[in-house]
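Remarks on the structure that follows.
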Amino acid sequence: MKEHMVKPLFTEEEVDRKIRELAARISEDYAGRQLHLIGVLKGSVPFMAELAKRLTIPATMDFMSCSSYGGGTSSSGVVRLNKDLDESIEGRDVLLVEDIIDTGHTLSYLLNLLQDRKPASLKLAALLDKPSRRTCPVEVDYTCFKIPDVFVVGYGLDYDQLYRNLPYVGYVEFV
Numbered sequence: 366m367k368e369h370m371v372k373p374l375f376t377e378e379e380v381d382r383k384i385r386e387l388a389a390r391i392s393e394d395y396a397g398r399q400l401h402l403i404g405v406l407k408g409s410v411p412f413m414a415e416l417a418k419r420l421t422i423p424a425t426m427d428f429m430s431c432s433s434y435g436g437g438t439s440s441s442g443v444v445r446l447n448k449d450l451d452e453s454i455e456g457r458d459v460l461l462v463e464d465i466i467d468t469g470h471t472l473s474y475l476l477n478l479l480q481d482r483k484p485a486s487l488k489l490a491a492l493l494d495k496p497s498r499r500t501c502p503v504e505v506d507y508t509c510f511k512i513p514d515v516f517v518v519g520y521g522l523d524y525d526q527l528y529r530n531l532p533y534v535g536y537v538e539f540v
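Going by my numbering, the letters in the sequence shown line up with residues 366 to 540, in that order.
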């Protein structure tokens, strides 16, 4: 691991406020319906938990795990499915929940995979969106923050499995 420092990008209070706002919007959009949240492990867990707690509509949850990073700071571009869903999503309103959308390769792969399973609807929510790195088109329906091209950690995001537990979003500055 390279020498580095973590500097704050969004405080715990800013993240909390944005998640509350997003949950209110999603609850309004899905009023009268049940929503099935699918979290992408491991990074989405803190965001999805906080989002789910603030929804005012009935919601169920499941998880998938895939990877395209390995141990570095940039995507390999090859997506590998490590854990699939526990139950069918056919006919359900589905919200795929992700920590960050970067190149779009992982999300494009997952959205196509899930769409083939015939949900009633399928949308995407992310804590962070880094559009400047997008190489694969992905439509983001709900996002808390658009960020510049920096390597971020905290609130589920990691650097070699470290910093996921930070209650804020920071960026890594390599020295």
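Ideal placement from N, C-alpha and C gives every residue a C-beta, glycine not left out.
The structure displayed is predicted, hence computed values, not measured ones.
Inter-residue Cα distance where the pair is residue i and residue j
i       : j       : result
Asp-494 : Ile-465 : 6 angstroms
Thr-468 : Val-515 : 13 angstroms
Tyr-520 : Lys-483 : 31 angstroms
Leu-527 : Glu-463 : 18 angstroms
Gly-397 : Val-518 : 36 angstroms
Val-534 : Asp-449 : 28 angstroms
Ser-433 : Ser-453 : 24 angstroms
Gln-480 : Leu-531 : 33 angstroms
Thr-421 : Pro-373 : 30 angstroms
Contact set for residue i: own chain, Cβ-Cβ below 8 angstroms, skip 5 residues either direction
i       : result
His-369 : Tyr-524, Val-537, Glu-538, Phe-539 and Val-540
Which of helix, strand or coil DSSP assigns to residue i
i       : result
Ile-454 : coil
Thr-500 : coil
Glu-368 : coil
Tyr-517 : For the sequence presented, residue 517 should be read as Val rather than Tyr. DSSP places Val-517 in strand when its eight states are reduced to three.
Ile-384 : helix
Outcome for residue i when other beta-carbon atoms lying within 10 angstroms are tallied against a minimum of 16
i       : result
Arg-457 : buried
Ala-490 : buried
Met-366 : exposed
Ser-497 : exposed
Val-459 : buried
Pro-513 : exposed
Ala-424 : buried
6 angstroms Cβ shell around residue i - same chain, five flanking residues per side excluded
i       : result
Arg-419 : Arg-385 and Ala-388
Lys-488 : Leu-460 and Asp-506
Arg-529 : Gly-521 and Asp-523
7 angstroms CB neighbourhood of residue i in its chain, flanking five on each side removed
i       : result
Asn-447 : Ser-430, Cys-431 and Ser-432
Leu-501 : The amino acid occupying residue 501 in the given sequence is Cys; Leu does not appear at that position. For Cys-501, where only same-chain residues beyond five positions count, the Cβ hits under 7 angstroms are Thr-468, Gly-469, His-470 and Ser-473.
> Mind pulling the alpha helix (DSSP H) runs of 4 or more residues that sit fully within the stretch 394-447?
Replying inline: 410-419
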